[in-house]
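S.K.:
There are 2 protein chains.
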Amino acid sequence: MTDKETNTNSKFNVEGRVWINSENCSFTGQGKIELIEKIKELGSLRKAAAEMKMSYRQAWQNINKMNNLSEKPLVILNRGGKNGGIAIVTEEADNVIVAYNKLKTAFDIFIKQQSEILNL
Amino acid sequence: MTDKETNTNSKFNVEGRVWINSENCSFTGQGKIELIEKIKELGSLRKAAAEMKMSYRQAWQNINKMNNLSEKPLVILNRGGKNGGIAIVTEEADNVIVAYNKLKTAFDIFIKQQSEILNL
DNA sequence: CTGCGTTATGTTAATTTGTGAATAACGATA
DNA sequence: TATCGTTATTCACAAATTAACATAACGCAG
Chain A
1 MTDKETNTNS
11 KFNVEGRVWI
21 NSENCSFTGQ
31 GKIELIEKIK
41 ELGSLRKAAA
51 EMKMSYRQAW
61 QNINKMNNLS
71 EKPLVILNRG
81 GKNGGIAIVT
91 EEADNVIVAY
101 NKLKTAFDIF
111 IKQQSEILNL
Chain B
1 MTDKETNTNS
11 KFNVEGRVWI
21 NSENCSFTGQ
31 GKIELIEKIK
41 ELGSLRKAAA
51 EMKMSYRQAW
61 QNINKMNNLS
71 EKPLVILNRG
81 GKNGGIAIVT
91 EEADNVIVAY
101 NKLKTAFDIF
111 IKQQSEILNL
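Chains as they are written, first to last, in my numbering: chain A, 1 to 120; chain B, 1 to 120.
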């Protein structure tokens, strides 16, 4: 491991983003995955949005978009009822979360490697 | 190579972007690299911007930003003179282009691989 | 049937971002 | 000195994205 091969003290570093597309339309990204995870944790779209400091409207649009792009819905939103309503995360969403997290893990490693070999 | 391992006919695919940062400030990305390459080809910032259908203002700002973030300027802009002015791409810029293109090549491969193993 | 908290949706305001026009500065050349 | 095409910079406007607010719809509980 020589200075010729690595570059950990450079002022430059590599960054990037990854996401999953469905027919040229953004399906998931970091934010949407986190949103679903929060919904699963809290059982409420409104509470999840609040905790992420995201507007309820935007959160709803994100979920709605994903539900429409996927054959099976990822989050089932029911209004009215016992506590005013409930948001249920489906098994399909779990699959998406697993797939995205695998991608994200591999990507983080990729970025780290590329940042180290960056020759600037 | 079975259907369990690959996923080339899925309606989903992986996409992403990478760039090089300098102290939390975007240094280069695809667009800026292309801009520098065009300048090198045409010897003119204005012509390069026009060819990329980018406003001259934006192009100038991009180059100016990169020049300031780098110790040595990437593009030297001289006004006046024989043909009204000239834009010179430095050796430093060549190094940046090489570094970025290496990164981009590796990233394209990464994305292709991840798209193939995507399990959705 | 009333109250409650959530989902659903529209409207408007605010902020950011990009565009285009206009013009000054510049320096070799003729 | 006048010309030329480029770089440099400002200003006003447009477009697009985002934020904020308001309010209707819903269905269970009491």
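Every residue, glycine too, gets a C-beta built ideally from N, C-alpha and C.
How long is the line joining the alpha carbons of residue 104/B and residue 82/A, rounded to whole angstroms?
M.R.: Numbered from 1 along the second sequence, position 104 holds the residue referred to as residue 104/B. Numbered from 1 along the first sequence, position 82 holds the residue referred to as residue 82/A. Whole-angstrom Cα-Cα distance: 53 Å.
S.K.: So what's residue 77/A in DSSP terms, helix, strand or just coil?
M.R.: Against the first sequence, residue 77/A aligns to sequence position 77. Three-state DSSP puts residue 77/A in a strand.
S.K.: If you follow the beta strand (DSSP E) that residue 15/B is part of, which residue opens it and which one closes it?
M.R.: Along the second sequence, one-based indexing puts residue 15/B at 15. Unbroken beta strand (DSSP E) run through residue 15/B: 12-22.
S.K.: Per DSSP, what kind of secondary structure is residue 115/A in: helix, strand or coil?
M.R.: In the first sequence, the residue the question calls residue 115/A occupies position 115. If DSSP states are grouped into helix, strand and coil, residue 115/A belongs with the helices.
S.K.: Taking only beta carbons into account, state which residues of the region 6-33 of chain B come closer than 7 Å to chain A, listed in chain order.
M.R.: Answer set for the region 6-33 of chain B: 11, 12, 13, 14, 15, 16, 17, 18, 19, 20, 21, 22, 23 and 27.
S.K.: Can you tell me whether residue 85/B is helix, strand or coil according to DSSP?
M.R.: For the purposes of this step, residue 85/B is identified with residue 85 of the second sequence, where counting begins at 1. Strand, per DSSP.
S.K.: For the ligand SAH, is there any heavy atom lying closer than 7 Å to the beta carbon of residue 69/A?
M.R.: Judged by which ligands are present, the structure shown has none, so any question about the ligand SAH falls away.
S.K.: Within 10 Å of its beta-carbon, does residue 111/B have 16 or more other beta-carbons around it, so buried, or fewer, so exposed?
M.R.: Position 111 of the second sequence, counted from the first residue, corresponds to residue 111/B. Residue 111/B is buried by the Cβ-count criterion.
S.K.: Under DSSP, the alpha helix (DSSP H) around residue 53/A begins and ends at which residues?
M.R.: Stepping through the first sequence from its first residue, residue 53/A is reached at position 53. Element bounds for residue 53/A: n/a, residue is neither H nor E.
S.K.: Starting from residue 90/A and walking both ways along the beta strand (DSSP E), at which residues does that stretch end?
M.R.: To locate residue 90/A, count along the first sequence from 1; it is residue 90. Looking at the DSSP string, residue 90/A is not in any beta strand (DSSP E), and its letter there is neither H nor E.
S.K.: Cβ of residue 89/B less than 8 Å from any chain A Cβ?
M.R.: As a working note, residue 89/B is residue 89 in the second sequence. Residue 89/B does not count as touching chain A.
S.K.: Excluding sequence positions up to five away, which residues of its chain have a Cβ less than 8 Å from the Cβ of residue 2/B?
M.R.: Along the second sequence, one-based indexing puts residue 2/B at 2. With a pLDDT of only 48 at residue 2/B, under 50, the local geometry of the prediction cannot be trusted, and the value read off the model is given with reservation. Once the five neighbours on either side are set aside, residue 2/B has no close Cβ partner at all.
S.K.: Could you check if residue 120/A is buried or exposed, using at least 16 other CB atoms within 10 Å of its CB as the buried criterion?
M.R.: The residue you call residue 120/A lines up with position 120 of the first sequence. Residue 120/A is buried by the Cβ-count criterion.
S.K.: Closer than 8 Å, CB to CB, is residue 96/B near chain A or not?
M.R.: Translated into positions along the second sequence, residue 96/B becomes position 96. Judged by the 8 Å Cβ criterion, residue 96/B is in contact with chain A.
S.K.: Cβ closer than 7 Å: which chain B residues qualify as neighbours of residue 119/A?
M.R.: For the purposes of this step, residue 119/A is taken as the residue at position 119 of the first sequence. The contacting residues are 99.
S.K.: What's the gap between the Cα of residue 87/B and the Cα of residue 117/B?
M.R.: Stepping through the second sequence from its first residue, residue 87/B is reached at position 87. Stepping through the second sequence from its first residue, residue 117/B is reached at position 117. Cα to Cα, the separation comes out at about 45 Å.
S.K.: Looking only at its own chain, which residues have a Cβ that is under 8 Å from the Cβ of residue 75/B, when we skip the five neighbours before and after it?
M.R.: Sequence index remark: in the second sequence, residue 75/B carries index 75 (1-based). These residues qualify, in order along the chain: 36, 39, 45, 63, 66, 67, 87, 88, 89, 90 and 93.
S.K.: Distance, Cα to Cα, residue 43/A vs residue 59/A?
M.R.: Working through the first sequence from its first residue, we reach residue 43/A at position 43. Working through the first sequence from its first residue, we reach residue 59/A at position 59. Rounded to the nearest angstrom, the two C-alpha atoms are 14 Å apart.
S.K.: Bridge partners for residue 28/B per DSSP, in chain order?
M.R.: Sequence index remark: in the second sequence, residue 28/B carries index 28 (1-based). Bridge partners of residue 28/B: 20/B.
S.K.: Report the rounded CA-to-CA distance for residue 52/A versus residue 24/B, giving the unit in angstroms.
M.R.: Against the first sequence, residue 52/A aligns to sequence position 52. Against the second sequence, residue 24/B aligns to sequence position 24. Residue 52/A and residue 24/B: Cα-Cα distance of roughly 23 Å.
S.K.: Output the distance between the C-alpha atoms of residue 14/A and residue 114/A, rounded to the nearest integer angstrom.
M.R.: Taking the first residue of the first sequence as 1, we reach residue 14/A at position 14. Taking the first residue of the first sequence as 1, we reach residue 114/A at position 114. Each residue's Cα considered, the two are about 7 Å apart.
S.K.: May I have the straight-line CA-CA distance separating residue 72/B from residue 95/B, to the nearest angstrom?
M.R.: Along the second sequence, one-based indexing puts residue 72/B at 72. Along the second sequence, one-based indexing puts residue 95/B at 95. Approximately 11 Å, taken between the alpha carbons.
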